[in-house]
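Anchor point for the sequence shown: position 1 equals 1 in our numbering, and the numbering is continuous, going up by one each time.
Think of the CB as a built atom: it goes at the ideal place given N, C-alpha and C, for glycine as much as any other residue.
First the structure, in the form of structure tokens, and then the observations on it.
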Amino acid sequence: MRVGIDFGTTHTVAAVVDSGNYPVVSFDGVDAWPSAIAANAAGELRFGLDATAVRRDPGWSVLRSFKRLLNDAGPHTEVSLAGRSYRLTELLARFLEQLKDDLQHSA
Numbered sequence: 001m002r003v004g005i006d007f008g009t010t011h012t013v014a015a016v017v018d019s020g021n022y023p024v025v026s027f028d029g030v031d032a033w034p035s036a037i038a039a040n041a042a043g044e045l046r047f048g049l050d051a052t053a054v055r056r057d058p059g060w061s062v063l064r065s066f067k068r069l070l071n072d073a074g075p076h077t078e079v080s081l082a083g084r085s086y087r088l089t090e091l092l093a094r095f096l097e098q099l100k101d102d103l104q105h106s107a
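Listed below in structure tokens is the structure:
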């Protein structure tokens, strides 16, 4: 499957390449996947729709619009979430891995 990804500040949209057509992928009936990361004190991470699902849970810290952090980021830039430090590059890689998994289940 070939896809195009628009990594937006608040939402990420993916479209499938299909014989000159580019239908947008739907995630649980929604055409956009939140550009969000959530973490809890135990070190569990959630991404996209799973991250926004816990946004009101006090045990979770949610980082929205993390694309803005990339402007001044380097390979060792760290982000603090739920009292833990994470490399921004690691969070971005894990975000994209989860997006890929969700794309494969949606297609």
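Please report the Cβ distance between A38 and S61, rounded to the nearest whole angstrom; I am assuming they are in contact, meaning their Cβ atoms lie under 8 Å.
About 7 Å separates the two Cβ atoms, so the contact holds.
So, is G20 buried or exposed, given that buried needs 16 or more other C-beta atoms within 10 angstroms?
Classification of G20: exposed, given that the 10 Å Cβ count is below 16.
Buried or exposed: which applies to P58, given that a residue is buried once 16 or more other Cβ atoms fall within 10 Å of its Cβ?
By the 10 Å Cβ count, P58 comes out exposed.
Between T10 and S85, which are expected to be in contact by the criterion C-beta below 8 Å, what is the C-beta distance as a whole number of angstroms?
Wrong, their Cβ atoms sit about 24 Å apart, outside the cutoff.
Compare the Cα-Cα distances from P75 to each of L63, L91, V25, A82 and report the closest residue.
Of the candidates L63, L91, V25, A82, the one whose C-alpha sits nearest the C-alpha of P75 is L91.
V54 and L69: beta carbons closer than 8 Å?
Result no, Cβ atoms of V54 and L69 do not sit closer than 8 Å.
Less than 8 Å separating the beta-carbons of T77 and L88?
Yes, the pair counts as a contact, with Cβ atoms nearer than the cut-off.
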